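**Student:** Residue numbers (my numbering): 469 to 757.
Don't be surprised by glycine CBs; every beta carbon is placed ideally from N, CA and C.
Small disclaimer: the values here were computed from a predicted structure and weren't measured.
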Ligand SMILES: [Mn+2]
């Protein structure tokens, strides 16, 4: 493969001039099955150079979109608490500067840090896993606890998880008891338009934070993830989610891509979905101005 610059394609704006700030979170210290998600920011950036600056699907020319690529945060060797502190600090800086954070993981444990800077936000998480354990392997900040920690912050009524097809029995009981709203991949099959319409109505005009755990996709589309789980969503389902909330998304992350188990197709799809999300949000921003 040719050598390309180590920044996300077309992200050539300065921090101050940007509407979107892309940054990498190379962290996989709590991964429970496959390690390697820390390598994803680099691979996804590389994959982004595969695409034309003009995107025929969204009609957006990325040379017109003010995107900055900050690079990676120095978190690879930190423990969970210190990693979260760094992620939170940087994410806050982006949000306070009125820019939209676009985080490339790394594992899902980064998400609770990313949302810390928002005052009032509804979290939509796409994930094969419920991630609602209070702790895993002795760590409350393990990637298997991501949704639980997010719910601690925003409140159980302000998060919904789409595409679930894996949970531990007690974890599931607890989620049901506490009223966590989630939709299994099966329940969305053939029905996602109606579900999204309903969620959209409930959220109203509130801001949305979108967390895309890439294992929400079926492994036939995205085999290179840390914990693949069969019977997942299709890429178009993810696009539908993005389009439904594009006018309200205040930040998003894409996590759990695991390059050592990828032939390149997962990173390519991840880069494309990041580009489509930026394009749809940008179009919504423009039409709102
Ligand atoms: Mn997951």
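Which residues share a DSSP beta bridge with residue 607?
**Tutor:** In DSSP, residue 607 forms a bridge with 604.
**Student:** With a threshold of 7 Å on Cβ separation, who are the neighbours of residue 693 within its own chain once the five nearest residues in sequence on each side are excluded?
**Tutor:** Cβ within range, chain order: 682, 683, 724, 725, 726, 734.
**Student:** Taking only the alpha-carbon atoms, compute the straight-line gap between residue 614 and residue 580 and give it to the nearest angstrom.
**Tutor:** Between residue 614 and residue 580, the C-alpha separation is close to 7 Å.
**Student:** Run the proximity test for residue 599: is its beta-carbon closer than 7 Å to any non-hydrogen atom belonging to ligand 1?
**Tutor:** Yes.
**Student:** Cα separation between residue 548 and residue 577?
**Tutor:** Their backbone Cα atoms lie some 8 Å apart in a straight line.
**Student:** How should residue 559 be labelled, buried or exposed, when 16 other C-beta atoms within 10 angstroms of its C-beta is the threshold for buried?
**Tutor:** Residue 559 comes out buried.
**Student:** Nearest-angstrom Cα distance between residue 593 and residue 647?
**Tutor:** Going by the C-alpha atoms only, they are around 16 Å apart.
**Student:** Say whether the segment 734-743 touches the segment 498-518, bearing in mind that this needs 3 or more beta-carbon pairs closer than 8 Å, one atom from each stretch.
**Tutor:** Flag = yes, the segment 734-743 and the segment 498-518 touch.
**Student:** Report the partner residues of residue 535 according to the DSSP bridge assignment.
**Tutor:** Paired residues: 488.
**Student:** Residue 744 lies in the alpha helix (DSSP H); which residues open and close that run?
**Tutor:** 733-756 is the extent of the alpha helix (DSSP H) around residue 744.
**Student:** Say the cut is 7 Å; is the CB of residue 686 nearer than that to a heavy atom of ligand 1?
**Tutor:** Because no heavy atom of ligand 1 lies under 7 Å away, the Cβ of residue 686 does not count as near it: no.
**Student:** Less than 8 Å between the beta carbons of residue 695 and residue 667, yes or no?
**Tutor:** No. Outside cutoff.
**Student:** Comparing alpha-carbon positions, which option in 718, 595, 660, 481 lies nearest residue 705?
**Tutor:** Minimum Cα distance to residue 705 is reached at 660.
**Student:** Let me know the alpha helix (DSSP H) ranges lying completely inside the segment 471-526, each 4 residues or longer, listed in chain order.
**Tutor:** List check, alpha helix (DSSP H) in window: 508-516.
**Student:** Output the distance between the C-alpha atoms of residue 672 and residue 714, rounded to the nearest integer angstrom.
**Tutor:** When rounded, the distance between both Cα atoms is 13 Å.
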